[in-house]
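Novice: The opening position of the sequence shown corresponds to residue 425 in our numbering, with each subsequent residue numbered one higher.
All C-beta atoms in this analysis are idealised placements derived from N, C-alpha and C, irrespective of residue type, glycine included.
In this text, all values refer to a predicted model and were calculated from it rather than measured experimentally.
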Amino acid sequence: LHAQCLQRLQSPRMDLCHIPATREKGWYLALMAPNVKGPNYAWLDPSRLYCHPQGLQDCVADLLQPFQGDAIDMVAGIDAMGFILGAAAAATLQKGFLAIRKAGHLCVQTVAQPYTDYSGREKVMEVRTDAISPGLRILLVDQWVETGGTMRAAIELVERLGGVVAGRRGHPRVHPRVQRDHHSHRLWWPVLSPPVCVPTGVAAICMENSEGGKWIQERYKCSHCVPPCLQPRFDQHQ
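Rendered as structure tokens:
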């Protein structure tokens, strides 16, 4: 698989009909296209594998395999490439799909979260407030987790609305919930939530072992498609 990936990543064309006789986990990573436009772009273009029917199917199946048997109420995908994998995962699970958007595209009430993306640019993402109810178990999907800034912002949005992305075992959480204190007449009252241990989480084709990537993997149940033998090369963008 290692040699196959290195060889095919240099190929300018893709054979949509070719399917390996033995489909190891991650075989479709070789379908990704290398960067030919310079440092202002990501080092790989994973979207080429979405053009391959079996490659896309196997990629989604591998992403969902660790969550078999887990309770998932909804899949959320991050703007923009997370929409493709997220919608495919939602269709496979027969669940609804929630789009987490870049700021300025939703005409409904939203909550927003600033973040720094993999290129170091400051951005803002937002999500509608009418789709996530307290305790809703959400699988968050993006194409790639490099520095972790984008995914952490999406996690923050989901948890601020009361959704559950993954279990933080042994650590109670404080969420501001709308409740009325009849003595003080205040509407916002912090409620101490019990430890959350619901096994939903985060999925991406690759999760790099960056500081942010490790932070996410240490705290949330995660799934990705990169075999251990290839992980160092993906971490070093080789």
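With distances taken from CA atoms, which of Lys461, Asn459, Asp439 and Arg576 is nearest Tyr452?
Specialist: Comparing C-alpha distances from Tyr452 to each of Lys461, Asn459, Asp439 and Arg576 shows the shortest one belongs to Asp439.
Novice: So, Met498 versus Gly520, is the Cβ gap smaller than 8 Å?
Specialist: yes
Novice: Going by C-alpha distance, which of Pro652, Cys649 and Val582 is nearest Ala536?
Specialist: Val582
Novice: Among Ala523, Thr540 and Val565, whose alpha-carbon lies nearest the alpha-carbon of Arg552?
Specialist: Ala523
Novice: Compare the Cα-Cα distances from Asp554 to each of Leu560, Gln533, Gly544 and Asp659 and report the closest residue.
Specialist: Gln533
Novice: How is Pro656 classed by DSSP in three states: helix, strand or coil?
Specialist: helix
Novice: So, does the CB of Ala512 fall closer than 8 Å to a CB anywhere in chain B?
Specialist: The chain labelled as chain B is not found in the depicted structure, where only one protein chain is given.
Novice: For His529, does the three-state DSSP call read helix, strand or coil?
Specialist: coil
Novice: Just to confirm the assignment, what range does the alpha helix (DSSP H) spanning Cys483 have?
Specialist: Pro477 to Leu488
Novice: Put Thr446 into one of helix, strand or coil per three-state DSSP.
Specialist: coil
Novice: Using a 10 Å radius around the Cβ and a threshold of 16 neighbouring Cβ atoms, would you call Gln660 buried or exposed?
Specialist: exposed
Novice: Is the CB-CB distance between Gly625 and Val589 below 8 Å?
Specialist: yes
Novice: How many Å lie between Cys441 and Cys531 at the Cα?
Specialist: Whole-angstrom Cα-Cα distance: 42 Å.
Novice: Quick one: what does DSSP say Glu632 is sitting in, helix, strand or coil?
Specialist: In the structure shown, Glu632 sits in coil (DSSP, three-state: anything other than H, G, I, E or B).
Novice: Less than 8 Å between the beta carbons of Gln567 and Met631, yes or no?
Specialist: no
Novice: What residue does the alpha helix (DSSP H) around Met549 start on, and which one ends it?
Specialist: Note, Met549: premise wrong, no alpha helix (DSSP H); beta strand (DSSP E) at Glu546 to Arg552.
Novice: Does DSSP put Pro458 in a helix, in a strand, or in coil?
Specialist: strand
Novice: Which residue comes first and which comes last in the alpha helix (DSSP H) that contains Met575?
Specialist: Bounds of the alpha helix (DSSP H) holding Met575 are Gly573 to Arg584.
Novice: Assign Lys638 to one of three DSSP states: helix, strand, or coil.
Specialist: It is helical.
Novice: So Thr663 is in the beta strand (DSSP E); what residue range does that whole segment cover?
Specialist: Residue numbering for the chain in the displayed model covers 425 to 662; residue 663 lies beyond these limits and cannot be assessed.
Novice: Can you list, in chain order, the residues of its chain with a C-beta nearer than 8 Å to that of Glu580? Leave out the 5 residues immediately preceding and following it.
Specialist: So the qualifying residues of the chain are Gln537.
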